[in-house]
Amino acid sequence: MLFSCNPADKEQETPMAEPDVPNSLPEDFRNFYQQFHADSLYQIEHIQWPLSGMPDRAIQEGESFAFTKDNWKMQRPVLASSGYRSQFTMLTEDLVVEEIINPSDGTGLLRRFLKDGEQWTLIYYQGVRKLQ
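Printed below as a string of C-alpha cells:
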C-alpha cells in the first residue's frame with residue numbers, strides 16, 4: 118500500500134496505481150517506474166528535492182509548497198481493486214505525466230517525471246484531491 122506525502126496527516130494513505138505502465142512508454146521509463154515503487158533508497162535518489170507540488174486535500178492552488186525528504190512518504194502500489202486507474206501522458210520524449218484517478222468519487226493525484234540525462238526523476242507531486 119502507498120502512503121501519501123501529507124505533512125499534516127502522516128497516517129493518511131494515498132492510493133497509487135499498480136506499477137504497470139503501458140508498453141507505449143519508453144522501456145527505460147517502465148523499468149524506472151517499477152524500481153521507483155520497489156526500492157525506497159532508489160525512490161529518494163530519484164526525486165528532485167525539494168519536490169514542488171501540493172499536499173493531499175490542498176484546496177488553494179498557486180501557493181508555493183515543497184516536499185522534503187523529512188515529510189515524504191514512500192510511494193508504493195496498491196491493488197487495482199482500489200478503484201483507482203492510472204493514465205500516462207508522454208508530453209515530450211523526456212517528460213511523462215501520470216494521473217491517478219478514482220472515477221467513483223472524482224479524486225485523484227498527479228505526478229510528473231522528467232528524464233534528466235540518462236535518469237528519470239520525479240519532479241512534481243500533487244496529492245489526492247477532488248479533481249475538476
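Quick note: the sequence shown uses the working numbering, first residue 118, plus one each step. Backbone N, C-alpha and C fix where the C-beta goes; we use that ideal spot for every residue, glycine too. In this text the structure is predicted, and so the values were computed from the model without any measurement.
Query: Tell me whether the beta-carbon of T185 lies closer than 9 Å to the beta-carbon of L158.; Result: no
Query: In chain order, what residues of the same chain have a beta carbon less than 8 Å from the beta carbon of R246, not counting five sequence neighbours either side?; Result: M171, D173, R174, A175, I176, T224, G225, L226
Query: Secondary structure at L158, three-state DSSP: helix, strand or coil?; Result: helix
Query: Mind checking which residues open and close the beta strand (DSSP E) that includes S169?; Result: 164-171
Query: Thinking just about the alpha-carbon of each residue, which of Q204, I164, S199 is nearest to the one in D222?; Result: S199
Query: Measuring only the C-alpha atoms, how far is Y241 from L231?; Result: 9 Å
Query: The beta strand (DSSP E) with L212 in it runs from where to where?; Result: 212-219
Query: Less than 8 Å separating the Cβ of Y241 from some heavy atom of the ligand GTP?; Result: Among the ligands in the structure shown, none appear at all, so the ligand GTP cannot be discussed.
Query: Buried or exposed for W237, please, with buried defined as at least 16 other CB atoms from any protein chain shown within 10 angstroms of its CB.; Result: buried
Query: How about P194 and H154: are their beta carbons less than 9 Å apart?; Result: yes
Query: In whole angstroms, give me the CA-to-CA distance for V138 and W166.; Result: 24 Å
Query: Rounded to the nearest angstrom, how far is the Cβ of N228 from that of E210, given a contact under 8 Å?; Result: Residue identity differs from the one stated: residue 228 is Arg in this sequence, not Asn. 18 Å between Cβ atoms; not a contact.
Query: According to DSSP, is R174 part of a helix, a strand, or is it coil?; Result: coil
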